[in-house]
Amino acid sequence: METTLPQHFARNRAENRNISGRPASISSKTSLNLSKLGSGRPQRQRINTRKQTGQRIYGCCGCQSCLSQGDLSPNLDRAISNTTGFEASPFPLKQGWLYDLGVVDANNDNIFDVFTTNHNATENLLLGSPFGSFTDVLSQWNLDQDRQFPGLGDFNYTPPAHLKGLHIYRSMDNQLHLRQQGGRLIQGEIVLPSPRSRKSNVEILNRHQASAQIRHSAWQQGLQTRIRFKIRPNGHLILNTRFSEISYAFKLNKPLPLQQVYVGGQQIHPKSHTFKLQLRDRHSMAWADYQGDNRMDVFMARGGLRGQILKFPSTSQPKDEFFTNLGNGRFRNRAAQLGFEKQGCRARKVAWVDFNQDNRLDLYIAGLKSPNQLFQQQPNGRFTNVAAQQNLNFRDSSQFEWLDADNDGDQELLIARNGKLELYNKQAKQFRRRQSISAAGIEIGKLALADYDRDGDIDVYAASPQSSLLLINTGGRYTVISPAAAGLPPNALTANWVDYDNDGLQDLHVAPSGLYRQLANQQFEAAQLLSAAPSLLADALTSPSTNLAWCTWADLDNNGTRDGLFQLAQNGYGQATLYRNQLTDNHWLQLKLVGPKGNRQAIGAKVTVITANHKQLQAVGQAEGSHYSQGHYRLYFGLGQQPAAEAIQITWPDGKRQEIQSPAVGQLLTVHYAPNR
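Each residue of the sequence shown is one higher than the one before, starting from 0 at the first, in numbering that gives the first Met the number 0.
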């Protein structure tokens with residue numbers, strides 16, 4: 000899949016340099032233009048921002064297992080712009096329902112790429128180019144849900160009428176379709192594992208010119224379910240499968256030519272009459288260079304069979320995936336080899352962290368109604384779960400952030416759990432709770448970090464559809480104030496701190512309410528800059544049925560300003576929209592830190608940029624916009640009318656320091672680990 004954004008998206012690209020002044024390498028990627036989003040150049044029109052009203056309910060995603068009702072078809076077909084600094088255009092994704100949305104520089108070319116997670120539905124991995132186009136490389140990089148049958152997660156697929164043969168594909172609501180178009184009588188069987196406590200994992204939902212028998216038998220620690228089927232010419236068998244993410248072993252009768260069997264949306268022919276299908280129920284991705292070879296690796300955290308994971312035979316339980324990058328778009332899953340054991344964790348959020356400051360990345364996973372995991376990396380590169388030893392094996396805690404709240408150089412954990420926000424800091428042998436903040440009756444959808452008041456420590460906005468919280472950091476402890484007291488809306492589905500106009504003050508974008516500009520007195524006012532795109536997004540901004548939002552801000556066109564990529568959903572379904580930032584009047588400086596071999600992304604580092612009239616503190620990773628994933632490590636400093644920066648002060652994750660005097664501004668500056676203080 001390739002898509003090209005408006006032609007002028009790539010204008011005024013910033014020059015990327017490292018600290019030696021040499022141009023940073025940017026590899027261009029070949030991509031074809033998709034069918035354009037309308038004929039000719041998109042029509043422009045102005046649309047007024049409307050006041051948001053109505054109660055929103057924070058949800059999970061758009062799949063049927065997370066929704067109880069409703070459906071909405073997209074109707075967004077043109078780009079719009081206004082005269083206030085942002086231009087909006089549709090951003091085509093494979094699915095209208097999401098679980099997470101984020102950005103990462105997956106191929107290390109200093110151009111951001113876009114990824115999504117979608118439970119069992121097909122993800123997106125869209126590589127950006129210098130020309131504003133995006134190319135989907137998920138299948139090319141062999142990272143599909145089912146690597147043997149890419150396209151199995153294409154739930155919108157319908158077999159074309161002219162393509163005769165047996166079509167095996169999935170749709171929403173966990174439906175498995177076997178559809179014979181023309182042809183002969185087809186016989187076969189499907190075998191899958193089931194937990195001993197539940198025999199009805201599969202049921203016949205519909206059959207036309209088809210028959211099926213379902214039988215259960217004891218197998219290992221559970222049951223084995225066997226489905227024998229017959230499908231006549233033009234027959235259609237639909238099975239309702241409770242668990243799409245377990246293995247379905249097919250055996251087709253031999254007379255059927257394999258060239259007449261089509262699996263998934265990419266219509267892959269199986270290599271033999273016996274084959275397996277399995278989706279992955281992926282919830283989150285954490286990108287980092289684990290191997291220290293300047294290639295991004297990715298950990299993919301999976302769900303836990305709706306809480307039934309430990310009731311399945313151990314050989315049938317889902318396993319998390321860790322794909323190490325072999326180069327040239329090739330990856331290998333080394334999760335088991337490196338010691339990542341799922342142990343029943345129903346993973347939601349995942350993040351890399353160097354919690355013990357040994358310059359080796361560790362991994363923290365938060366699960367739903369299952370113990371969290373903290374995988375400590377050993378000197379040999381393997382991982383050991385030390386969550387219990389470190390007092391961090393909580394349950395029911397899908398939202399967390401690692402940060403240096405007290406400026407002591409190490410990482411604390413801020414986590415939402417059991418109606419509280421709790422801050423844990425590292426002591427001699429394990430983490431201990433430092434502070435507990437009441438969040439009774441509040442579901443935290445996102446924790447957004449920034450030193451918004453510029454006093455040298457990290458503050459937090461906790462987004463909640465019931466009642467958001469603004470946490471002010473004073474000496475490493477947090478004081479809660481009402482967002483309304485600062486001029487911010489009382490609730491939000493998600494939030495991101497973003498200095499959208501590069502004036503040096505952190506502004507706040509909350510969805511669906513909009514963008515709030517920070518004033519000199521640390522109060523906020525509605526900026527009313529983001530025009531609503533037609534139809535679906537416009538309705539989503541004001542509709543009470545808007546229950547989901549994904550928003551991330553990144554400089555997608557490298558022009559010095561952060562662009563917004565949003566998707567708001569009504570009853571789970573939405574259309575992604577890109578807001579390209581055209582506000583380029585103020586000075587700016589962006590930083591990409593390259594840490595030591597064990598932590599190339601410098602996760603946990605802090606940077607202070609000093610100008611003639613102020614200091615700004617930022618931490619690597621605070622620009623992250625995804626709910627559950629990780630990959631956005633660039634730092635963004637707006638300088639306002641200051642034409643120069645006096646110094647950059649870096650505290651690396653291991654506590655060592657580095658200072659750069661009089662850096663040039665108006666560039667993406669790559670700084671390599673070379674402590675000099």
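We put the beta carbon where it would ideally sit given N, CA and C, even for glycine.
Is residue j closer than 8 Å to residue i when the C-beta atoms are compared?
i, j, result
"T687", "H215", "Beyond the ends of the chain as shown, which are 0 and 676, falls residue 687; an answer cannot be given."
"W651", "Q657", "yes"
"H166", "R178", "yes"
"T121", "Q144", "yes"
"A548", "T493", "yes"
"L504", "Q621", "no"
"Y635", "Q600", "no"
"K591", "R633", "yes"
"F133", "L142", "no"
"K341", "R453", "no"
"L567", "P511", "yes"
"T551", "G84", "no"
"D562", "A575", "no"
"A285", "S628", "yes"
"F523", "A484", "no"
"G150", "I267", "yes"
Quick one: what does DSSP say residue i is sitting in, helix, strand or coil?
i, result
"K596", "helix"
"G131", "coil"
"Q629", "strand"
"A491", "coil"
"R21", "Here the model assigns R21 a pLDDT of 34, short of 50, so the residue's position is not dependable, and the following value carries that caveat. In the structure shown, R21 sits in coil (DSSP, three-state: anything other than H, G, I, E or B)."
"G263", "coil"
"Q666", "coil"
"Q410", "coil"
"L507", "strand"
"E658", "strand"
"I308", "helix"
"P482", "helix"
"Q434", "strand"
"L257", "helix"
"S210", "strand"
"S467", "coil"
"T560", "coil"
"S216", "strand"
"T610", "coil"
"S315", "helix"
"E442", "coil"
"V349", "strand"
"G366", "strand"
"D498", "coil"
"W286", "strand"
"H586", "strand"
"D99", "strand"
"W651", "coil"
Leaving aside the five residues before and after residue i along the sequence, list all residues of the same chain whose C-beta is less than 8 Å from its C-beta, in chain order.
i, result
"N390", "Y423, Q429, F430 and R431"
"W140", "L124, G328, R329 and F330"
"V392", "Reading the sequence as shown, one finds Asn at residue 392 and not Val. Cβ within range, chain order: P370, N371, Q372, L373 and A386."
"K229", "L184, I185, Q186, A209, S210 and A211"
"T383", "G338, F374, Q375 and Q377"
So, for residue i: in the same chain, excluding its five sequence neighbours on each side, which residues have a beta-carbon less than 6 Å away from its beta-carbon?
i, result
"L304", "F242"
"Y247", "I189, L191 and L276"
"R345", "G302, G303, G366, L367 and S369"
"A491", "A462, S467 and V509"
"E202", "N239"
Grab me the residues of residue i's own chain with a C-beta within less than 7 Å of its C-beta, minus the 5 sequence neighbours each way, in chain order.
i, result
"P269", "L257, V260 and V262"
"G181", "K163, P232 and N233"
"G306", "R345 and K368"
"L677", "Nothing can be reported for residue 677, as the shown portion of the chain is limited to 0 through 676."
"D458", "A449, D450, Y451, D452, L470, I471 and N472"
**Completely contained beta strand (DSSP E) runs for the stretch 222-248, where each covers 3 or more residues** = none
**Asked** Between the stretch 284-299 and the stretch 582-600, do at least 3 Cβ pairs fall closer than 8 Å?
**Response** yes
**Item:** Contained beta strand (DSSP E) runs [length at least 3] in the stretch 104-181, N- to C-terminal order
**Value:** 112-116, 124-127, 132-135, 164-170 and 174-180
**Request:** Evaluate the contact criterion for the stretch 362-376 versus the stretch 334-352: three or more CB pairs, one atom per stretch, below 8 Å.
**Result:** yes
**Asked** Counting Cβ pairs, one atom from each stretch, are 3 or more of them under 8 Å apart for the stretch 474-485 and the stretch 605-623?
**Response** no
**Asked** Can we say the stretch 315-325 touches the stretch 252-260, given the rule of at least three CB pairs closer than 8 Å?
**Response** no
**Asked** Is the stretch 641-651 in contact with the stretch 433-453, if contact means three or more CB pairs nearer than 8 Å?
**Response** no
**Message:** Does the contact criterion of 3 or more C-beta pairs under 8 Å hold for the stretch 86-103 versus the stretch 306-317?
**Reply:** no
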